[in-house]
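Q:
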Amino acid sequence: MNFIAFLIIGALAGWIAGNIMKGKGFGLLGNMLVGIVGAFVGGFLFGLLGLASYGFIGSLVTATVGAIVLIYVVSLIKKS
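1 is the number of the first residue of the sequence shown in full-length UniProt numbering; add one for each residue after it.
1. Report the option in Ala17, Lys79, Gly14 and Gly55 whose CA atom is closest to the CA atom of Asn2.
2. Per DSSP, what kind of secondary structure is Gly50 in: helix, strand or coil?
3. What is the C-beta distance between Gly18 and Phe40, in whole angstroms, given that I count them as a contact (C-beta under 8 Å)?
4. For a test of the three-state rule: what should DSSP assign to Met21, helix, strand or coil?
5. Under 6 Å Cβ to Cβ from Gly10, same chain only, skipping five residues before and after it: list those, please.
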């Protein structure tokens, strides 16, 4: 059950981040990948800042913030 929730949070976070960053999304698998990697990035950044998140909403916020940062960094690299 946790794995399914992990995939759902990843897909939602990737989709939300894609919409916030003015993208059209990356498709279902692309959104999952961006969201899952974003969850690790967000967890790392939140840990550096001393923030903690709990529950579904906290995990979604963390993954979304991480996915936004990930998309931003990738866009900077693509511009170079």
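Idealized CB from N, CA, C, for every residue including glycine. Please read all numbers here as calculations on a predicted model, not as lab measurements.
A: Well, looking at it:
1. Against the sequence shown, residue 2 aligns to sequence position 2. The residue with the shortest Cα to Cα distance from Asn2 is Gly55.
2. To locate residue 50, count along the sequence shown from 1; it is residue 50. DSSP, reduced to helix, strand and coil, places Gly50 outside both helices and strands of the structure shown, so it counts as coil.
3. By 1-based counting over the sequence shown, the position of residue 18 is 18. By 1-based counting over the sequence shown, the position of residue 40 is 40. Not quite, the Cβ-Cβ distance comes to about 18 Å (not below 8 Å), so this is no contact.
4. As a working mapping, residue 21 is identified with position 21 in the sequence shown. Residue state, collapsed to three classes: coil.
5. Start at 1 with the first residue of the sequence shown, and residue 10 comes out as number 10. Within the same chain, Met32, Gly35 and Ile36 come within 6 Å of Gly10 by CB-CB distance, once the 5 residues on both sides are set aside.
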